[in-house]
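Asks: Just so you know, the protein sequences line up as chains A and B, in that order.
Under my numbering, the first residue of the first sequence is numbered 1, with each subsequent residue one higher.
Under my numbering, the first residue of the second sequence is numbered 1001, with each subsequent residue one higher.
Every residue, glycine too, gets a C-beta built ideally from N, C-alpha and C.
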Amino acid sequence: AQSVTQLGSHVSVSEGALVLLRCNYSSSVPPYLFWYVQYPNQGLQLLLKYTSAATLVKGINDFEAEFKKSETSFHLTKPSAHMSDAAEYFCAVSSLMDTGRRALTFGSGTRLQVQP
Amino acid sequence: EPEVTQTPSHQVTQMGQEVILRCVPISNHLYFYWYRQILGQKVEFLVSFYNNEISEKSEIFDDQFSVERPDGSNFTLKIRSTKLEDSAMYFCASEMADTQYFGPGTRLTVL
């Protein structure tokens, strides 16, 4: 079984400050890992993904995440927060199904607030 | 840029009624999924669909649920007899290159 733990349901940072959203995963097979962002009343937008290539992954809007197998982590960072980054962020791990396709298992989400 | 679309954006129904949620996946994608998110809870996998049949389904996806791709473009989720606990946001996703792209969701409210 796969699982994802996101530490901190709410994170608040000042505009211009570093953003760090934590994600730890559990997987019995090599995982695929994803970060999605959800703005109010909208769907899930892919930020970035790790699929066993480079461990440091860059995504949209200057977000990046580093896959650390030894720590089973995939934390999301951004050097400088912008007001428009305020949203809910979901970490997800791909579960390998019998068919070879992968259903996503999501974490509980972290709501990011950006203070002016 | 191609995107997944879903209709309606909001559906209100009475308990016991049937509802059909519609999705139009991205046109060259072959794998399709339904997920749901009960208010304040995690996004949960319901079912995956490939080559006109269900690939996998979760424990949530019981006999009250069904999916089909009736015309080669739409992908539907039917709930035969809605319960109060079916109230949730339902997301459709289609997959390419091991990445799932999500639609904006349908908010289902069961009264």
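Looking at the structure shown, is N61(A) part of a helix, part of a strand, or coil, going by DSSP?
Replies: Walking along the first sequence from the start, residue 61(A) turns up at place 61. If DSSP states are grouped into helix, strand and coil, N61(A) belongs with the helices.
Asks: Buried or exposed, going by whether 16 or more other CB atoms sit within 10 Å of the CB of Q1041(B)?
Replies: Counted from its first residue, the second sequence places residue 1041(B) at position 41. Under this definition Q1041(B) is an exposed residue.
Asks: Please list the partners that K49(A) has in chain B, where partner means a Cβ-to-Cβ separation under 9 Å.
Replies: The count along the first sequence starts at 1 and reaches residue 49(A) at position 49. Result: D1098 and T1099.
Asks: Does G59(A) come within less than 7 Å of chain B when only Cβ atoms are used?
Replies: In the first sequence, the residue the question calls residue 59(A) occupies position 59. Not one chain B Cβ lies under 7 Å of G59(A).
Asks: Terminal residues of the continuous beta strand (DSSP E) containing E1100(B)?
Replies: Position 100 of the second sequence holds residue 1100(B). It should be noted that the sequence gives Gln, not Glu, for residue 1100(B). That run of the beta strand (DSSP E) goes T1099 to F1102.
Asks: Can you tell which of Y89(A), L47(A), E71(A) and G43(A) has the C-alpha that lies nearest to the C-alpha of T1106(B)?
Replies: Taking the first residue of the second sequence as position 1, residue 1106(B) is located at position 106. Per the Cα distances, G43(A).
Asks: Got a sec: is the Cβ-Cβ distance from Y32(A) to anything in chain B below 7 Å?
Replies: Sequence index remark: in the first sequence, residue 32(A) carries index 32 (1-based). For Y32(A), the answer is yes, since a Cβ of chain B falls inside 7 Å of its Cβ.
Asks: Name the DSSP beta bridge partners of V4(A), please?
Replies: Mapped onto the first sequence, residue 4(A) falls at position 4. Answer by DSSP bridge pairing, in chain order: Y25(A).
Asks: Give me the Cα-Cα distance between C91(A) and H75(A), rounded to the nearest whole angstrom.
Replies: To locate residue 91(A), count along the first sequence from 1; it is residue 91. To locate residue 75(A), count along the first sequence from 1; it is residue 75. Going by the C-alpha atoms only, they are around 9 Å apart.
Asks: Who does K68(A) pair with in a DSSP beta bridge?
Replies: Here residue 68(A) is taken as the residue at index 68 of the first sequence, counted from 1. In the DSSP output, where bridge partners are listed per residue, K68(A) has S73(A).
Asks: Looking at C-alpha atoms only, which residue of M97(A), T55(A), A17(A) and S14(A) is the closest neighbour of F122(A)?
Replies: The structure shown does not extend to residue 122(A), since chain A spans only 1 to 116, so no value can be given for it.
Asks: Measuring straight from C-alpha to C-alpha, what distance separates M1096(B) and P116(A)?
Replies: The residue you call residue 1096(B) lines up with position 96 of the second sequence. The residue you call residue 116(A) lines up with position 116 of the first sequence. When rounded, the distance between both Cα atoms is 38 Å.
Asks: With distance defined between alpha-carbon atoms, name the residue in Q45(A), F67(A) and M97(A) nearest to A87(A).
Replies: By 1-based counting over the first sequence, the position of residue 87(A) is 87. Answer by Cα proximity: Q45(A).
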